[in-house]
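A.B. asks: Per the numbering used here, the sequence shown starts with residue 14, numbered consecutively.
Glycine included, each C-beta is placed from N, C-alpha and C at the ideal position.
I have a structure here, written as structure tokens, and I will follow up with some questions on it.
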Amino acid sequence: MKNNIMTLIESGYADLRKSEKQAADYILDHMDQVPEMPLDRLAKAAKVSQPTVLRMLKALGYDGYKDFRYQLVAELAKAGSGSETGGQTQFMYGYTLDKKAGLDEIPVNITMTTGKMLEETMKNFPGKTYRKVIETLKNARLIDIYSVENSEVVAVDLLTKLLYLGLPCRHFTDCYLQQITAGQLTDRDVAVGISYSGESKDTVDAMKAAKRSGACTVAITNFKESTISKYADILICPSQEQHFYGNAIFSRSTQILIVDMIYMGLISSDYEHYVKQLNKCEKVVRGKAYDPQRKH
């Protein structure tokens with residue numbers, strides 16, 4: 014089980030400096046030990062300076078180390094002296110299917126692995142990047158979405174949500190059409206490329222063409238050093254590697270989470286406007302819903 018302090022650290026993690034992340038990592042990995050550690054000992058154990066620890070805590074909203082430690086003690090006491098946080102079983106992040114594993118083990122292992130990836134997404138999605146994505150999409154003349162294979166599901170989900178909000182966007186499943194339309198974009202447009210590996214040639218080529226056309230390019234991928242990142246003005250890299258016989262079986266979980274974040278962020282950015290758009294859509298699709306009272 015996760016306490017509020019762990020959630021707070023993870024949610025603000027992406028905006029921390031490198032040395033501050035090092036301090037945060039130590040706290041996350043030694044949550045049950047930190048209450049017994051004075052500031053100087055914690056800093057030494059984390060291999061950072063004391064001011065770095067204090068800056069990290071200030072960035073997360075704490076008044077100081079004393080305030081943080083007091084709240085941590087309260088959280089751990091609430092959770093049973095930390096037995097649910099510091100002593101929980103650490104499931105493998107890179108999930109591997111053991112041929113000896115029983116069928117009943119798979120659902121819980123998949124769930125735990127996916128949960129870990131979703132936590133990593135929050136830690137690796139800086140607030141400033143999130144805000145930039147929202148503003149960029151909101152002000153675009155046209156939004157193009159590129160993807161292939163597994164990422165098609167995510168692309169269609171993003172397309173659907175943006176259309177519901179009344180934003181001008183399009184997505185073609187044909188890779189030739191993706192490249193043709195990418196070449197016709199302008200500096201008022203936005204291109205979104207979705208690729209788990211970041212190496213899907215058709216998606217990368219479309220992003221390359223869009224960038225050459227002057228469009229703002231947004232890449233959603235799990236590999237910062239991937240080819241697609243070279244053509245991204247805004248890079249969203251939610252979590253770490255995860256492959257299973259060459260296929261990213263968990264890729265859509267983090268990508269769908271990103272899409273939901275974008276959708277809710279857009280609504281929040283201009284609530285009255287987007288609620289009106291959603292109400293219009295609701296009226297249009299209302300007749301498509303099955304009415305159990307209707308006689309057949």
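Does C250 come out as helix, strand or coil in the three-state DSSP assignment?
C.D. replies: Three-state DSSP puts C250 in coil, outside helix and strand.
A.B. asks: Determine the extent of the beta strand (DSSP E) in which D157 is found, giving its start and end residues.
C.D. replies: Run containing D157: I156 to Y159, per the beta strand (DSSP E) assignment.
A.B. asks: Hey, out of D202, S210, V167 and S160, whose CA is closest to N152's CA?
C.D. replies: The residue with the shortest Cα to Cα distance from N152 is D202.
A.B. asks: Given this structure, state the Cα-to-Cα distance separating I18 from L85, to the nearest angstrom.
C.D. replies: Looking at the two C-alpha atoms, the distance is approximately 7 Å.
A.B. asks: For K141, which option in S24, M69 and E295 has the closest C-alpha, if you only look at C-alpha atoms?
C.D. replies: Of the candidates S24, M69 and E295, the one whose C-alpha sits nearest the C-alpha of K141 is S24.
A.B. asks: My understanding is that F138 touches P251, with C-beta atoms under 8 Å, so please give their C-beta distance in whole angstroms.
C.D. replies: Indeed they touch by this definition, with Cβ atoms about 6 Å apart.
A.B. asks: Assuming K78 and L89 make a contact with CB atoms under 8 Å, what is their CB distance in whole Å?
C.D. replies: Inspection of the sequence shows that residue 78 is occupied by Tyr rather than by Lys. About 16 Å; that fails the 8 Å criterion.
A.B. asks: Across which residues does DSSP place G206 in a beta bridge pair?
C.D. replies: Its beta-bridge partners are Y159 and A232.
A.B. asks: Based on the DSSP secondary-structure assignment, which residues constitute the bridge partners of R373?
C.D. replies: In the structure as shown, the chain begins at 14 and stops at 309. Residue 373 is therefore absent and cannot be evaluated.
A.B. asks: Counting only the same chain and skipping the five closest in sequence on each side, list residues whose C-beta sits under 8 Å from that of R154.
C.D. replies: So the qualifying residues of the chain are P181, T199, R201 and D202.
A.B. asks: Using alpha carbons as the reference points, say which of E295, D246 and E132 lies closest to A223.
C.D. replies: Of the listed residues, the one whose Cα sits closest to A223 is D246.
A.B. asks: If contacts are defined as beta-carbon pairs under 8 Å, then Y83 and A58 qualify, I think. What distance do you get, rounded to the angstrom?
C.D. replies: Contact doesn't hold; Cβ gap of about 20 Å is too wide.
A.B. asks: Find out if the Cβ-Cβ distance for the pair S32, M130 is shorter than 8 Å.
C.D. replies: No; because the gap between Cβ atoms is not below 8 Å, this pair is not in contact.
A.B. asks: Span of the alpha helix (DSSP H) holding P48?
C.D. replies: Neither: P48 is in no alpha helix (DSSP H) and is coded neither H nor E.
A.B. asks: Going by the CB atoms, is the gap between K136 and A36 shorter than 8 Å?
C.D. replies: Taking 8 Å as the Cβ cut-off, A36 and K136 do not qualify as a contacting pair.
A.B. asks: Taking only the alpha-carbon atoms, compute the straight-line gap between P48 and L55 and give it to the nearest angstrom.
C.D. replies: Approximately 10 Å, taken between the alpha carbons.
A.B. asks: D283 lies in the alpha helix (DSSP H); which residues open and close that run?
C.D. replies: Counting along the chain, D283 falls outside any alpha helix (DSSP H), and DSSP gives it neither H nor E.
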